[in-house]
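Protein sequences appear in the order of chains A and B.
Read left to right, the first sequence gives residues 1 to 437 (the numbering used here).
Read left to right, the second sequence gives residues 1001 to 1437 (the numbering used here).
Number of protein chains: 2
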Amino acid sequence: MKRRDLLKLSAGVAATACLGASTTILASSNSSLSKNLQPNNRTPNGADFDAILQQPVLKRDLFKTPVTIEKLELLNKDDEFIVRVTDKEGRQGLSLCNSRRADSAWPMILTLVKPTFEGKDARDLEALLHEVYITSPNYKFQGLAFWSCVAWVEIAILDLLGKIAKLPLWALIGEKQREKIGLYHANGDRKNSAEWVIRKLESLLEESGARALKYKLGARMHYTEASTARDKKLIPGVRKHFGDDVTLYADANGSYDIPMSLYMGKMLEEHDYGFFEEPVPFDYLEETKAVTDQLAITVAGGEQETSMWRFKWLIANRALTLVQPDLIYFGGLIRSMRVARMAQLAGLPCVPHISGLGLGQLYMAHFVTALPNTTDFQEYKGDRDKVPYVLSGTNKRYKAKDGYINAPQGVGLGITFDPEYIAEMKEITSSIPSQLS
Amino acid sequence: MKRRDLLKLSAGVAATACLGASTTILASSNSSLSKNLQPNNRTPNGADFDAILQQPVLKRDLFKTPVTIEKLELLNKDDEFIVRVTDKEGRQGLSLCNSRRADSAWPMILTLVKPTFEGKDARDLEALLHEVYITSPNYKFQGLAFWSCVAWVEIAILDLLGKIAKLPLWALIGEKQREKIGLYHANGDRKNSAEWVIRKLESLLEESGARALKYKLGARMHYTEASTARDKKLIPGVRKHFGDDVTLYADANGSYDIPMSLYMGKMLEEHDYGFFEEPVPFDYLEETKAVTDQLAITVAGGEQETSMWRFKWLIANRALTLVQPDLIYFGGLIRSMRVARMAQLAGLPCVPHISGLGLGQLYMAHFVTALPNTTDFQEYKGDRDKVPYVLSGTNKRYKAKDGYINAPQGVGLGITFDPEYIAEMKEITSSIPSQLS
């Protein structure tokens, strides 16, 4: 069996196969396409994807009485940011932001997001995620910064709701699909030699016990002679070094054009890689599809995507064959689950992208515990956060062992931040420097 | 003559007409399309658009010696932000930010933009606009906030370069196309009745002397029964009230679906409107094209677009028939001029979108003075800025008279901010609240 066959889907993926290549499939005026076919033995059309997007994700029925969000606070200490929501009964939910994105994005929590959520019923979270986007001027800010701010607020609210329902966060957005989550360990280095990368990957396998690895190709959004020479060493070299038992993925971060994508993609196929991530710049939709159409290897992408319409396009046109919404950049777990459902309709797996900071591995674990259509390995970047927290009721942190992490337990996120640390944080009440005391 | 014929192009628009509807025209692998046709009597293809994007906009040859950017400062007072660049000789360039966007976006000036520009030769501005995007993690932030920060830095640098070359800013990015700029006055209200809007539009014509108007349709990113009833009153009512001598435009801000767009679009055609802006949500590329294909009226859009690839798609596929890059949201005058050139290649006009705050009308005037392919009327929202400045060497501010504003004179932006006001501003040195003194 070819190693890429291991990239098989878990239970729950629809058996529908290749969509037509028509790029107009999504226009509502074309919803008559395939009208007379049965949903189970035909290609899904634009109306099918639109219908999927209307299905609720959050189990609102778990909550019989209003959960009024009385306060939404942005807390800061050093370069760390936490969002805290407090309801009328004084119950709280907290989320940790990714400090390497929040340093650029945090004002939007106050200017664009907070006004839509404060004072509202947290049970309406799903509707509020739509309202916060179409409210002027928010839709203009479509992009990672705005949607990350929404995600941090969403996760704090889900933490609160989980505590109220006495359920782990994942149980609010789906059914338990697995007890433990297999991991691939990702390495982000591009500065060092191929030999250095191989040693680094070795140390990552030791750290997490993972049986799958990902590393970087190209020079990030462009390629150079030096990066191409390095790529040609890495692709066969990493395979040779780790042998056939380790699943390998490669990520070009949009470095290539179509010809170089095909060249490297074929080399990855020869050496039996599991997927090829972002061959061309992420917003080159048709070029992405052109690469995917011409390669046998699974083409992955979606980390940079912040538009639901474009995810629909990428999935319905099979421009990607594995979708990777970033759980934060794309606006949270509920929106990401909608992407996963569109992928499921098209018979494609979803493997969310995460960042190493800001509890990425914990948010991922909640999501994947409830995710039907995925693969055997999820992204893992270690436990890098400096903020003190423990798994609730223990003195442990949340990290990999023997290549797995366990499905999260407890209520809400299932963690407790050090109360002393939280007490030292300061609430930020204005986005404008001259108005900060 | 139909009023919409007034939307004729000024000198310089290529005579090329309708592009094919093929949505794959942009894929590089299809560059063999129409290979044997002469550029002058064939439909432009993806390679033609790519070639246009490689043409420099900035006249680098004007500068014989390096202009090293020694300092790039973000200044703040109350809710106003100014970017100031200082070169090694102590010469300075300044730009005023739009306070209603900068309050959400300003940290990115420090975290994402400044590191690419400080210490560099300002003559390399055009290359730096590319570098600042592909540098990690900046491309992930594609969107209004990131590109606005780049634009404010770009305009401060162009102000500096104009002062050094002793030329107005527009002369650095093109040739003079006109001495004065015709205006349409835009009104943003959606809360009040149709009758209220008509009275408001009347007062705007009095304020600026404009002979063209724009107002809002729909409920912004959605429509309701009430908004539809109001739209049906406004479309014939505004025409009836102002008669045939006033050019009228209508802006739906993505409120409609395809059927409602066609319904309202046909009503706009009946009443001889000049263009119909953003009928469907801005990121619904194929739905935008479907509407444009089925209507005779010019369909305008682009305000929310921050991807060069997507502008290329919208233009090459004639999904829009008038392009409106926002000079700030899209990353400045140089990037916007590239969009205008793509439009010119396709035989389409460019009419930039502007905001009312942050010297929108001045930046627009510099751009349009050098813009060959445009229409008779440019967006105008009055002189709303609170920051004290004068046209250099006068005691006047920059605003409309008799429906026109003059092509800017003087050097750089051609304005002088009140030095006392600038001295009162504080430099912001960190994006993180706990690190602000």
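Note that CB positions come from ideal geometry on N, CA and C, so glycine has one too.
Computed from a predicted model, the values in this text were never measured in an experiment.
Please report the Cβ distance between residue i and residue j, rounded to the nearest whole angstrom; I am assuming they are in contact, meaning their Cβ atoms lie under 8 Å.
| i | j | result |
| --- | --- | --- |
| A/F275 | A/V238 | Not really, about 14 Å apart at Cβ, beyond 8 Å. |
| B/Y1184 | B/F1049 | Between B/F1049 and B/Y1184 the Cβ distance is about 28 Å, and since that is not below 8 Å, they are no contact. |
| A/N181 | A/V368 | The question names Asn, but residue 181 of chain A is Ile in the sequence shown. A/I181 to A/V368, Cβ: 5 Å. Contact. |
| B/L1413 | B/L1169 | 6 Å |
| A/G332 | A/I155 | 6 Å |
| B/T1429 | B/Y1389 | Contact flag wrong, Cβ pair sits at about 25 Å. |
| B/L1160 | B/D1087 | 6 Å |
| A/Y284 | B/W1309 | 5 Å |
| B/L1129 | B/R1335 | 6 Å |
Note down, in chain order, every chain A residue with its Cβ under 7 Å from the Cβ of residue i.
| i | result |
| --- | --- |
| B/T1111 | D103, S104 |
| B/H1222 | I134 |
Using the beta-carbon count (16 or more within 10 Å), is residue i buried or exposed?
| i | result |
| --- | --- |
| A/W447 | Since the first and last residues shown for chain A are 1 and 437, residue 447 of chain A lies out of range. |
| B/A1027 | Annotation note: pLDDT 31 at B/A1027 (below 50); position unreliable, no value reported. |
| A/D78 | exposed |
| B/Q1055 | exposed |
| A/G243 | exposed |
| B/T1375 | buried |
| B/K1386 | exposed |
| B/H1366 | buried |
| A/A296 | exposed |
| A/P419 | exposed |
| A/P115 | exposed |
| A/R199 | exposed |
| A/N36 | For A/N36, the predicted model reports a pLDDT of 32, less than 50, meaning its position is unreliable; a value from the coordinates is still stated below. Classification of A/N36: exposed, given that the 10 Å Cβ count is below 16. |
| B/E1287 | buried |
| A/P39 | Note that A/P39 has pLDDT 45, beneath the 50 cutoff, so the model's placement of it is unreliable and the number below is only indicative. Per the 10 Å Cβ criterion, exposed. |
| A/K401 | exposed |
| B/T1394 | exposed |
| B/M1425 | buried |
| B/A1370 | buried |
| A/T224 | exposed |
| A/I25 | Any answer about A/I25 is weak, because its pLDDT of 29 lies below 50 and its placement is not dependable; what the coordinates show is given next. The residue in question, A/I25, is buried, as its Cβ has 16 or more Cβ neighbours within 10 Å. |
| A/A423 | exposed |
| B/E1073 | buried |
| A/P433 | buried |
Just tell me which of the options has its CA closest to the CA of residue i.
| i | options | result |
| --- | --- | --- |
| A/L327 | A/P66, A/L62, A/G93, A/C97 | A/C97 |
| B/S1136 | B/L1112, B/D1124, B/R1060 | B/L1112 |
| A/P279 | A/Y329, A/L217, A/F311, A/A316 | A/L217 |
| A/L345 | A/P372, A/R335, A/Q361 | A/P372 |
| B/G1265 | B/E1305, B/T1043, B/D1283, B/K1232 | B/K1232 |
| B/S1208 | B/N1076, B/N1187, B/A1226 | B/N1187 |
| A/I109 | A/E277, A/S148, A/K399, A/S99 | A/S148 |
| A/P259 | A/A290, A/V150, A/G347, A/L436 | A/A290 |
| A/P44 | A/H222, A/V67, A/L348, A/V246 | A/L348 |
| B/E1179 | B/S1193, B/N1138, B/F1330, B/P1408 | B/P1408 |
| A/S95 | A/T321, A/M342, A/G162 | A/G162 |
| A/I82 | A/E427, A/S434, A/P352, A/L436 | A/E427 |
| B/L1167 | B/E1277, B/S1434, B/Y1421, B/G1410 | B/G1410 |
| B/S1392 | B/T1228, B/E1379, B/L1362, B/G1403 | B/L1362 |
Taking C-beta pairs closer than 8 Å, name the residues in chain B that residue i reaches, listed in chain order.
| i | result |
| --- | --- |
| A/P107 | D1103, S1104, A1105, W1106, P1107 |
| A/K77 | S1434 |
| A/R310 | D1283 |
List, in chain order, every chain E residue whose beta-carbon is nearer than 9 Å to that of residue i.
| i | result |
| --- | --- |
| A/K426 | In the displayed structure, chain E is absent; the protein chains listed are A and B. |
Residues of chain A with CB closer than 8 Å to the CB of residue i, please, in chain order.
| i | result |
| --- | --- |
| B/K1114 | Residues of chain A passing the Cβ test: none, with the nearest at roughly 12 Å. |
Chain B contacts from the region 129 to 146 of chain A (Cβ-Cβ distance under 8 Å): Y133, I134, S136, P137, Y139, K140, F141, Q142, G143, L144, A145, F146
Near-chain A residues of the region 1290 to 1315 of chain B (beta-carbon distance less than 7 Å), N- to C-terminal order: A1290, Q1304, S1307, W1309, R1310
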